[in-house]
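Heads up, the thing below is written out as structure tokens.
Protein chains: 2
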Amino acid sequence: MSAQLPADPPDADVLPVAEGPAFSPLYQQIKALLVRSLQDGEWKPAEAIPSETDLAQRYKVSQGTVRKAIDELAAENLVVRRQGKGTFVATHAEENIQYRFLRLTPDDGPSTGMARRFLDCRRMRAPAEVAKALALKPGDSAVLVRRTLSRDDHPVVLDEIWLPAGPFKGLSAERLSQYAGPMYGLFETEFGVRMIRAEEKIRAVAADAATAELLEVPVGTPLLSVERLAHTYGDRPVELRRGLYNTAAHFYRNELN
Amino acid sequence: MSAQLPADPPDADVLPVAEGPAFSPLYQQIKALLVRSLQDGEWKPAEAIPSETDLAQRYKVSQGTVRKAIDELAAENLVVRRQGKGTFVATHAEENIQYRFLRLTPDDGPSTGMARRFLDCRRMRAPAEVAKALALKPGDSAVLVRRTLSRDDHPVVLDEIWLPAGPFKGLSAERLSQYAGPMYGLFETEFGVRMIRAEEKIRAVAADAATAELLEVPVGTPLLSVERLAHTYGDRPVELRRGLYNTAAHFYRNELN
DNA sequence: GAGTGGTCTAGACCACTTC
DNA sequence: AAGTGGTCTAGACCACTCC
Numbered sequence: 001m002s003a004q005l006p007a008d009p010p011d012a013d014v015l016p017v018a019e020g021p022a023f024s025p026l027y028q029q030i031k032a033l034l035v036r037s038l039q040d041g042e043w044k045p046a047e048a049i050p051s052e053t054d055l056a057q058r059y060k061v062s063q064g065t066v067r068k069a070i071d072e073l074a075a076e077n078l079v080v081r082r083q084g085k086g087t088f089v090a091t092h093a094e095e096n097i098q099y100r101f102l103r104l105t106p107d108d109g110p111s112t113g114m115a116r117r118f119l120d121c122r123r124m125r126a127p128a129e130v131a132k133a134l135a136l137k138p139g140d141s142a143v144l145v146r147r148t149l150s151r152d153d154h155p156v157v158l159d160e161i162w163l164p165a166g167p168f169k170g171l172s173a174e175r176l177s178q179y180a181g182p183m184y185g186l187f188e189t190e191f192g193v194r195m196i197r198a199e200e201k202i203r204a205v206a207a208d209a210a211t212a213e214l215l216e217v218p219v220g221t222p223l224l225s226v227e228r229l230a231h232t233y234g235d236r237p238v239e240l241r242r243g244l245y246n247t248a249a250h251f252y253r254n255e256l257n
Numbered sequence: 001m002s003a004q005l006p007a008d009p010p011d012a013d014v015l016p017v018a019e020g021p022a023f024s025p026l027y028q029q030i031k032a033l034l035v036r037s038l039q040d041g042e043w044k045p046a047e048a049i050p051s052e053t054d055l056a057q058r059y060k061v062s063q064g065t066v067r068k069a070i071d072e073l074a075a076e077n078l079v080v081r082r083q084g085k086g087t088f089v090a091t092h093a094e095e096n097i098q099y100r101f102l103r104l105t106p107d108d109g110p111s112t113g114m115a116r117r118f119l120d121c122r123r124m125r126a127p128a129e130v131a132k133a134l135a136l137k138p139g140d141s142a143v144l145v146r147r148t149l150s151r152d153d154h155p156v157v158l159d160e161i162w163l164p165a166g167p168f169k170g171l172s173a174e175r176l177s178q179y180a181g182p183m184y185g186l187f188e189t190e191f192g193v194r195m196i197r198a199e200e201k202i203r204a205v206a207a208d209a210a211t212a213e214l215l216e217v218p219v220g221t222p223l224l225s226v227e228r229l230a231h232t233y234g235d236r237p238v239e240l241r242r243g244l245y246n247t248a249a250h251f252y253r254n255e256l257n
């Protein structure tokens, strides 16, 4: 448990080793260890992690300290607590909320399902800005996926998705089409890449000719441009996505606190 | 502390009164009491609330229970903790982050200040949709404020802000202009209305003639339409705002978890 | 040094799920 | 009944701020 573990709690005259700049509380160290285990795949998505008491024994700390570590993981949506059952690794597959990261809502009624259509899936050298965003070496190759999402037979979203070719070897339009759930579910189960967190930059843009045709709107129609950079464990960027949303009958919802 | 307080903690044979449907943990009850005190103005914005030990005595619970209540208030940004100093009521005035709710970021460099210009401030009967959003009775009057925000002398945001006339009696363009900080700071200190939480609906729209002139863009330019409903304590809606953002050199940033 | 929030422990009991 | 997360307590000590 590193330098600063009390070992036997009170009045041990082993002072915490003040080794320079860092101080991190015990529960943060435990949290880091848990994240490591998640990252290493010790517990798979949708599986239960050990109980709090088990973990407390394993790390030689009190149950309350483990609890606080897990509390933070739950707040970050890395795990899900279920009273009486256990604590489970979060997953994008088999989620009731079909698209955890998609903030698009229809003007009327709640979110019904959307039909996916894959236009394209090909490998190429990553363009400079993609390489930069995904922290690829210049010359590394990337996968470009293009697809639309439709509601009631009308296309609403056009996505252009860039992925590093390395981890996503074997990704194809067929694989994508065959898989039933959300794309991030496929990434998780087939490629071992879990999306944890993302940042989006949103703008208003005019539809160009190609986009206009695919979204079935006049050229120049204002569209929402949503540029997403998604990260996996350790804040490593693993997907750059640009979505164009037709907001004639939908809106992007957000909560401010 | 209502029905379900153990009184003397373990093995009191006073069983919790199972009165129907609700069960709420002690710390939630404490939290509700604290919110009530905030709402009633017992502690003013930017003031310190009593220490955890004081509150524990006052409510006859342990310090840990008070702590958990305050933890949640801090997570909801109702209060701010500062180690060694105390816990303070959150405020929109005197905040380092000038605009807590404004998600607009310049493409280059960090967020510098924006220049405000008030175009309009007048009272009128609330239009139907405004009345509905703000839960006003039909015929109630509302205040409409219109303003722009500029960076480097270029207008970037055009806001149209609807407020219930009742709580905002005396609001005028002069008052707005004279006040230095963010508008929500004025609302807080002058009208006792604190903005706690907001929901935004975002769309892409084309600039109409009037908007185009104010934002100095060609008619038809795609703009971000940001419709915000802001709430005060108890989730009561108190502001409906529609902003039009020129996203040529700025973007709306968002974090997904 | 006194006061405040922050961490950690140990133990009891409650609520929920499963067998 | 057993196992899990959830609540609550009591007490000790640490880190930070201010005087």
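In order, the protein sequence lines correspond to chains S and P.
The UniProt record's numbering applies: residue 1 is where the first sequence begins, and numbers increase by one.
The UniProt record's numbering applies: residue 1 is where the second sequence begins, and numbers increase by one.
Just so you know, even glycine gets a beta-carbon here, dropped at the ideal spot from N, CA and C.
Short CB-CB distance (under 7 angstroms) between residue i and chain P
i: S/ILE49; result: no
i: S/ASP79; result: Just to set this straight, residue 79 of chain S is Val in the shown sequence, not Asp. Not one chain P Cβ lies under 7 angstroms of S/VAL79.
i: S/VAL157; result: no
i: S/LYS132; result: no
i: S/LEU256; result: yes
i: S/VAL205; result: yes
i: S/ARG67; result: no
i: S/TYR252; result: yes
i: S/PRO222; result: yes
i: S/GLU95; result: no
Local Cβ density within 10 Å of residue i, reported as buried at 16 or more and exposed below that
i: P/VAL219; result: exposed
i: P/GLY109; result: exposed
i: P/GLU255; result: exposed
i: S/PHE203; result: Note that residue 203 of chain S is Arg in the sequence shown here, rather than Phe. The residue in question, S/ARG203, is buried, as its Cβ has 16 or more Cβ neighbours within 10 Å.
i: P/LEU119; result: exposed
i: P/PHE23; result: exposed
i: P/THR112; result: exposed
i: P/GLY234; result: exposed
i: S/ASP153; result: exposed
i: P/GLN57; result: exposed
i: S/ARG241; result: buried
i: P/ALA142; result: buried
i: P/PRO10; result: With a pLDDT of 37 at P/PRO10, under the threshold of 50, the predicted position of this residue should be treated as unreliable, though the coordinate-derived value follows. Exposed.
i: S/ALA131; result: buried
Endpoints, the alpha helix (DSSP H) within which residue i is located
i: P/GLU129; result: 128–133
i: S/GLU52; result: 52–59
i: P/SER24; result: Neither: P/SER24 is in no alpha helix (DSSP H) and is coded neither H nor E.
Residue range of the beta strand (DSSP E) that includes residue i
i: P/VAL157; result: 154–164
i: S/ALA46; result: Careful: S/ALA46 lies outside any beta strand (DSSP E) and carries neither H nor E.
i: P/MET114; result: That residue, P/MET114, is in no beta strand (DSSP E); it is neither H nor E in DSSP.
i: S/PHE251; result: 250–256
i: P/SER141; result: 141–151
i: P/PRO106; result: 104–106
Cβ of residue i within 7 angstroms of any chain S Cβ
i: P/TYR99; result: no
i: P/LEU163; result: no
i: P/VAL143; result: no
i: residue 285 of chain P; result: This structure does not reach residue 285 of chain P, given that chain P is present from 1 up to 257, and the question cannot be answered.
i: P/PRO10; result: A caution first: P/PRO10 carries a pLDDT of 37, below 50, which makes its placement in the model unreliable, though a value can still be read off. Chain S contact via Cβ: absent.
Between the stretch 20–34 of chain S and chain P, which residues of the former have CB atoms less than 9 angstroms from a CB of the latter, in chain order? none
Under 7 angstroms, CB to CB, which of the residues in the stretch 229–250 of chain S have a partner in chain P? THR247
Along the stretch 192–203 of chain S, what residues have a CB closer than 7 angstroms to any CB found in chain P? ARG197, ALA198, GLU199, GLU200, LYS201, ILE202 and ARG203
With a floor of 3 residues, list each beta strand (DSSP E) that falls wholly inside the stretch 62–98 of chain S, ordered by position along the chain. 79–82 and 86–89
Uninterrupted beta strand (DSSP E) stretches inside the stretch 179–235 of chain S (no shorter than 3 residues): 197–206 and 222–232
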